[in-house]
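Report on one structure; see the data block that follows.
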Amino acid sequence: MHPPPNSTRRQFLGLAGAAAVLGTVPVVTLRPAEATPEMLASAIRNVTGGAAVKTGKVKLDVPPLVENGNTVPLTVSVAHPMAPEDHVSSIHIFNEKNPQPNVANFHLGSHAGRAQVSTRIRLTDSQKVVAIAKLSDGSFWSASVDVVVTLAACTEEVI
Amino acid sequence: MASALINVPANAKRGDIIEIKTLMSHIMESGFRHKASGEAVPRDIITSFTCRFNGAEIFRADLFPAIAANPFFSFFTTVTESGKFEFEWIGDKGFSETASASISVE
């Protein structure tokens, strides 16, 4: 039994079309290495272990418009008492579009007196910055801020 | 050369919440930059900062390349006795620096 003569041609065209589609997908997805929202979500999952993260308590102070992404002042504070039996045990900072989703983890104790930390960070692009606080009872609270960056970090070449 | 700037009040009352500010000079090379020739510049960052008071850890930070050059931190602690703050920075390529500051509490 021979297949009809145009059957192989049809199969060939179908295969070629499929290969072309498959071939273009990686080209499209091979964009510059940026933390996608999925990477942000998985970085957050690594910290929370899948526990629910509630919005509130955390205050994230970042300028809404940043001229130079190489040095962005950031202050995070948590409105929560710092008593030995009930305190903020850690604060985690994440970003959306830098090559890595993590920015910093801060480990505190009840003796801190005030759950507030300031530092300076880098941002490669206009994006969302997320802070998550872990309380000693195991609950997680978060805040996020959208930042517009006019001069990105990490793009310049080293000569 | 690496050098640290530490800002700790010299005196405080028992039970006061004081602010501690630290700055360590470091390039914090992210590892994501390239030379004009195309080769990547290897990562060289501080990965860990710890502050201890009289030997007990009171603050610790894990750092990532997204921390700006010359890492600056400001944080708070409650003081109950006179003593010594010890600061330690640890990073890539064997980077390790320490600094200390004393406080008298009345």
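In order, the protein sequence lines correspond to chains A and B.
Residue numbering for the first sequence follows our numbering, beginning at 23 and increasing consecutively.
Residue numbering for the second sequence follows our numbering, beginning at -3 and increasing consecutively.
Quick reminder that beta carbons are idealized off the backbone N, C-alpha and C, glycines included.
On the CB-based measure, 16 or more other CB atoms within 10 Å of its CB, does residue i come out buried or exposed?
i: B/Pro67; result: buried
i: A/Thr46; result: Because A/Thr46 sits at a pLDDT of 49, beneath the cut-off of 50, its placement in the model cannot be relied upon, and the following sentence gives the value as read from the coordinates. Counting Cβ neighbours within 10 Å, A/Thr46 comes out exposed, since fewer than 16 surround it.
i: B/Lys9; result: exposed
i: B/Ile23; result: exposed
i: A/Val152; result: buried
i: A/Thr146; result: buried
i: A/Ala137; result: buried
i: A/Arg144; result: buried
i: A/Gly72; result: exposed
i: A/Pro59; result: exposed
i: A/Arg31; result: exposed
i: A/Gln33; result: exposed
i: A/Ala175; result: buried
i: A/Ser64; result: exposed
i: B/Ser36; result: Reading the sequence as shown, one finds Ala at residue 36 of chain B and not Ser. Classification of B/Ala36: exposed, given that the 10 Å Cβ count is below 16.
i: A/Leu96; result: buried
i: A/Pro85; result: exposed
i: A/Ala134; result: buried
i: A/Arg53; result: Reliability of the predicted coordinates at A/Arg53 is poor, the pLDDT of 46 falling under 50, and no value is obtained from them.
i: A/Ser99; result: buried
i: A/Glu118; result: buried
Start and end of the beta strand (DSSP E) containing residue i?
i: A/Leu87; result: Leu87 to Asn90
i: B/Ile13; result: Ile13 to Met20
i: B/Ala97; result: Ser92 to Val101
i: B/Ala0; result: Ala0 to Asn3
Give me whichever residues DSSP pairs with residue i in a beta bridge.
i: B/Phe69; result: A/Thr141 and B/Thr18
i: A/Val169; result: A/Gln149
i: B/Arg48; result: B/Glu53 and B/Glu82
i: A/Lys156; result: A/Ser112 and A/Phe162
i: B/Lys89; result: Answer is none; B/Lys89 lacks a bridge partner.
i: B/Glu35; result: DSSP, once it has assigned bridges, lists no residue as partnering B/Glu35.
i: B/Ala8; result: B/Val101
i: B/Ile63; result: A/Ile143
i: B/Pro25; result: According to the sequence displayed, residue 25 of chain B carries Glu and not Pro. DSSP output for B/Glu25 lists B/Asp40 as bridge partner(s).
i: B/Ala76; result: This sequence places Thr at residue 76 of chain B; Ala is not what is there. Answer by DSSP bridge pairing: none, since B/Thr76 is not bridged.
Counting only Cβ-Cβ distances shorter than 7 angstroms, please list the residues of the region 116 to 142 of chain A near chain B, keeping chain order. Contact annotation: in the region 116 to 142 of chain A, residues whose CB is within less than 7 angstroms of a CB in chain B are Asn117, Asn120, Pro121, Gln122, Asn124, Val125, Ala126, Asn127, Phe128, His129, Leu130, Gly131, His133, Ala134, Gly135, Arg136, Gln138, Val139, Ser140, Thr141 and Arg142.
Tell me the start and end of each unbroken alpha helix (DSSP H) in the region 59 to 144 of chain A that is at least 4 residues and wholly inside, in chain order. Within the region 59 to 144 of chain A, the complete alpha helix (DSSP H) runs of at least 4 residues are 59 to 70.
Residues of the region 78 to 94 of chain A with a CB closer than 8 angstroms to any CB of chain B: list them in chain order, please. The region 78 to 94 of chain A vs chain B, Cβ under 8 angstroms: Asn92, Thr93 and Val94.
Can you list, in chain order, the residues of the region 72 to 95 of chain B whose Cβ is nearer than 7 angstroms to any Cβ on chain A? Residues passing the 7 angstroms Cβ filter: Phe72, Thr73 and Thr74.
Short-range partners of chain A found in the region 32 to 64 of chain B, where Cβ spacing is below 7 angstroms: Residues of the region 32 to 64 of chain B that bring their beta carbon within less than 7 angstroms of a beta carbon in chain A comprise Ala32, Val37, Ile54, Phe55, Arg56, Ala57, Asp58, Leu59, Phe60, Pro61, Ala62, Ile63 and Ala64, in sequence order.
At a CB distance below 7 angstroms, what residues from the region 143 to 174 of chain A approach chain B? Give them in sequence order. Those residues of the region 143 to 174 of chain A that come within reach of chain B (Cβ to Cβ, closer than 7 angstroms) are Ile143 and Arg144.
Compile a chain-ordered list of the residues in the region 8 to 35 of chain B whose CB is closer than 7 angstroms to at least one CB of chain A. Residues of the region 8 to 35 of chain B with a C-beta atom less than 7 angstroms from some C-beta of chain A are Ile13, Ser26, Phe28, Arg29, His30, Lys31 and Ala32, listed in chain order.
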